[in-house]
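Enquirer:
Number of protein chains: 2
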Amino acid sequence: MQTVIDFVLELDKLKGVTRKIKPLGLERYENSAEHSWQLALLAFSLAPHADSGIDLDRTIKMLLVHDIGEIDTGDTMAFVEGGWEERKAAEQAAVKRIFGLLPQAQAAELLALWREFEDGTTAEARFANAVDRAMPVLLNLANDGQSWRENGIGYERVVARVRAPIEAGCPALWRHIDARLQEARQRGWFGI
Amino acid sequence: MQTVIDFVLELDKLKGVTRKIKPLGLERYENSAEHSWQLALLAFSLAPHADSGIDLDRTIKMLLVHDIGEIDTGDTMAFVEGGWEERKAAEQAAVKRIFGLLPQAQAAELLALWREFEDGTTAEARFANAVDRAMPVLLNLANDGQSWRENGIGYERVVARVRAPIEAGCPALWRHIDARLQEARQRGWFGI
Numbered sequence: 001m002q003t004v005i006d007f008v009l010e011l012d013k014l015k016g017v018t019r020k021i022k023p024l025g026l027e028r029y030e031n032s033a034e035h036s037w038q039l040a041l042l043a044f045s046l047a048p049h050a051d052s053g054i055d056l057d058r059t060i061k062m063l064l065v066h067d068i069g070e071i072d073t074g075d076t077m078a079f080v081e082g083g084w085e086e087r088k089a090a091e092q093a094a095v096k097r098i099f100g101l102l103p104q105a106q107a108a109e110l111l112a113l114w115r116e117f118e119d120g121t122t123a124e125a126r127f128a129n130a131v132d133r134a135m136p137v138l139l140n141l142a143n144d145g146q147s148w149r150e151n152g153i154g155y156e157r158v159v160a161r162v163r164a165p166i167e168a169g170c171p172a173l174w175r176h177i178d179a180r181l182q183e184a185r186q187r188g189w190f191g192i
Numbered sequence: 001m002q003t004v005i006d007f008v009l010e011l012d013k014l015k016g017v018t019r020k021i022k023p024l025g026l027e028r029y030e031n032s033a034e035h036s037w038q039l040a041l042l043a044f045s046l047a048p049h050a051d052s053g054i055d056l057d058r059t060i061k062m063l064l065v066h067d068i069g070e071i072d073t074g075d076t077m078a079f080v081e082g083g084w085e086e087r088k089a090a091e092q093a094a095v096k097r098i099f100g101l102l103p104q105a106q107a108a109e110l111l112a113l114w115r116e117f118e119d120g121t122t123a124e125a126r127f128a129n130a131v132d133r134a135m136p137v138l139l140n141l142a143n144d145g146q147s148w149r150e151n152g153i154g155y156e157r158v159v160a161r162v163r164a165p166i167e168a169g170c171p172a173l174w175r176h177i178d179a180r181l182q183e184a185r186q187r188g189w190f191g192i
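Chains as they are written, first to last, in UniProt numbering: chain E, 1 to 192; chain C, 1 to 192.
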């Protein structure tokens, strides 16, 4: 029982990892724990638009654990270029440490979910990656581009970063977001 | 697609619903969104100690949605006495409104999960309720009783409130917590 408690208290630290976007109507920045919760429910609600036959429950678990490595590394904005491999190696070391607080079978299951998300090759992982990339875009589209403007991120960089994963995992969602991003550009919601 | 986006942006409000406990090491209060994320992973890690044959995936979904009614009502501390039925009616109206943003089949599925948690009669709902009641206790036990002391909550009130649901949903967890609560009382971590 102590292993479970050590694990869940270690997870508490993800509530302190802040991202670049603010929840709608709040002055503080979002943290990776509440972000992960929202992604799980975006996956649920978006599932009818995903590949048929997808395992939604595995997708949800993937999304619940995909950011846990940030407990050791912090969040890096998706638009930061360079250092990607080093960061992923550090995140993998972090999740091995943290999942390793649990008994071996559970640790292995969580690590497999984390790797599946990172590899992005299964239908569930593609869908999960689409959800993860889409959520901050949806918040920015509802927020007059807050994190794009604060960080000097332009329209082309957003599209270059999010189009392929969203289109691969949920084409209908990309069609919607594509049109909304073009409107946002006309409204001046990008940083450059 | 717009229904999905309306729903997930409405969910964003749960990030602004604050509870009485602080994440470990942080000065702010926890919100119900990050709390729901942590519960889902506590359920995962605690599952080997739950009734055999439990449907963990349904338990996780129940925990992800169980607090969504607080978007309209706010969080009420588990120790507040009185007004319980009115609050539950208000939460039910809230989840009907919020889940109702989705197409009918998905709205019905989420409402059924929410009701199953509230009814607390299935093995999954008993386990989910045990997880929900245990998490703030585990945080208080790691936090020198922060929310108990701030709110004048005594040992007997905590035990009266959490023993039955935790024991019913996860007896091994109650045995562990029971002993830790007695230690906490000796250390003076309760409000009265």
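Cβ coordinates follow ideal geometry from the N, Cα and C atoms, glycine included. If you're wondering where the values come from, they're calculated on a predicted model, not measured in any experiment.
For E/N140, which of helix, strand or coil comes out of DSSP?
Expert: Here residue 140 of chain E corresponds to residue number 140 of the first sequence, with the count starting at 1. E/N140 carries a helical assignment under DSSP once its states are collapsed to helix, strand and coil.
Enquirer: So which residues on chain C does E/N140 lean against when the C-beta distance must stay under 8 Å?
Expert: Position 140 of the first sequence, counted from the first residue, corresponds to residue 140 of chain E. The contacting residues do not exist; E/N140 stays about 11 Å from chain C at best.
Enquirer: Is the separation between the beta-carbon of E/V162 and that of E/V137 shorter than 7 Å?
Expert: Here residue 162 of chain E refers to the residue found at position 162 of the first sequence. Here residue 137 of chain E refers to the residue found at position 137 of the first sequence. A contact, by the Cβ cut-off of 7 Å.
Enquirer: Should E/W84 go down as buried or exposed, given a rule of 16 or more other Cβ atoms within 10 Å for buried?
Expert: Residue 84 of chain E sits at position 84 when you count from the first residue of the first sequence. The residue in question, E/W84, is exposed, as its Cβ has fewer than 16 Cβ neighbours within 10 Å.
Enquirer: For C/D57 and chain E, any beta-carbon pair shorter than 7 Å?
Expert: Mapped onto the second sequence, residue 57 of chain C falls at position 57. Yes, C/D57 lies at the interface with chain E (some Cβ there is under 7 Å from its Cβ).
Enquirer: Starting from C/I21, trace the alpha helix (DSSP H) both ways and give me its first and last residue.
Expert: Reading the second sequence from its first residue, position 21 is the one you call residue 21 of chain C. No alpha helix (DSSP H) contains C/I21, which DSSP labels as neither H nor E.
Enquirer: Would you please verify whether the beta carbon of E/S52 is less than 7 Å from any beta carbon of chain C?
Expert: The residue labelled residue 52 of chain E in the question sits at position 52 within the first sequence. Closer than 7 Å: no.
Enquirer: For C/N151, does the three-state DSSP call read helix, strand or coil?
Expert: Taking the second sequence and counting its residues from 1, one reaches residue 151 of chain C at position 151. Reduced to three states, the DSSP call for C/N151 is coil.
Enquirer: Could you please tell me which residues of the stretch 34–46 of chain C, in chain order, have their CB closer than 8 Å to any CB of chain E?
Expert: E34, S36, W37, Q38, A40, L41, L42, F44, S45 and L46
Enquirer: How far does the alpha helix (DSSP H) with E/R185 in it reach, from first residue to last?
Expert: Here residue 185 of chain E is taken as the residue at index 185 of the first sequence, counted from 1. Per DSSP, the continuous alpha helix (DSSP H) segment holding E/R185 begins and ends at P171 to R187.
Enquirer: Between which two residues does the alpha helix (DSSP H) harbouring E/T122 extend?
Expert: Position 122 of the first sequence holds residue 122 of chain E. First-last for E/T122: undefined, no H or E at that position.
Enquirer: Taking the alpha-carbon positions, what's the E/A107 to E/K96 distance?
Expert: Here residue 107 of chain E refers to the residue found at position 107 when the first sequence is read from its first residue. Here residue 96 of chain E refers to the residue found at position 96 when the first sequence is read from its first residue. Roughly 8 Å separates the two Cα atoms.
Enquirer: When you compare each of E/A142, E/Q146, E/G154 and E/G69 to C/D6 by their alpha carbons, which one comes out closest?
Expert: As a position in the second sequence, residue 6 of chain C is number 6, starting the count at 1. Among E/A142, E/Q146, E/G154 and E/G69, the Cα nearest to that of C/D6 is on E/A142.
Enquirer: Using a Cβ distance threshold of 8 Å, determine whether the stretch 28–43 of chain C contacts the stretch 32–47 of chain E, with at least three qualifying pairs required.
Expert: yes
Enquirer: Between C/I153, C/L14, C/I177 and C/G154, which has its C-alpha nearest C/A164's C-alpha?
Expert: Position 164 of the second sequence holds residue 164 of chain C. If we check each option's Cα against that of C/A164, C/I177 comes out closest.
Enquirer: State yes or no: is the C-beta of C/A123 within less than 7 Å of the C-beta of C/I54?
Expert: Here residue 123 of chain C refers to the residue found at position 123 when the second sequence is read from its first residue. Here residue 54 of chain C refers to the residue found at position 54 when the second sequence is read from its first residue. Cβ atoms of C/A123 and C/I54: closer than 7 Å.
Enquirer: Between the C-alpha atoms of E/H66 and E/F117, what's the straight-line distance to the nearest angstrom?
Expert: Numbered from 1 along the first sequence, position 66 holds the residue referred to as residue 66 of chain E. Numbered from 1 along the first sequence, position 117 holds the residue referred to as residue 117 of chain E. Each residue's alpha carbon lies about 7 Å from the other.
Enquirer: If you follow the alpha helix (DSSP H) that C/H35 is in, where does it begin and where does it stop?
Expert: Along the second sequence, one-based indexing puts residue 35 of chain C at 35. Start and end: S32 to L46.
Enquirer: Can you name, in chain order, every residue of its own chain whose Cβ lies under 6 Å from the Cβ of E/T18, other than the five neighbours on each side?
Expert: Here residue 18 of chain E refers to the residue found at position 18 of the first sequence. Contacts found: Y29 and N31.
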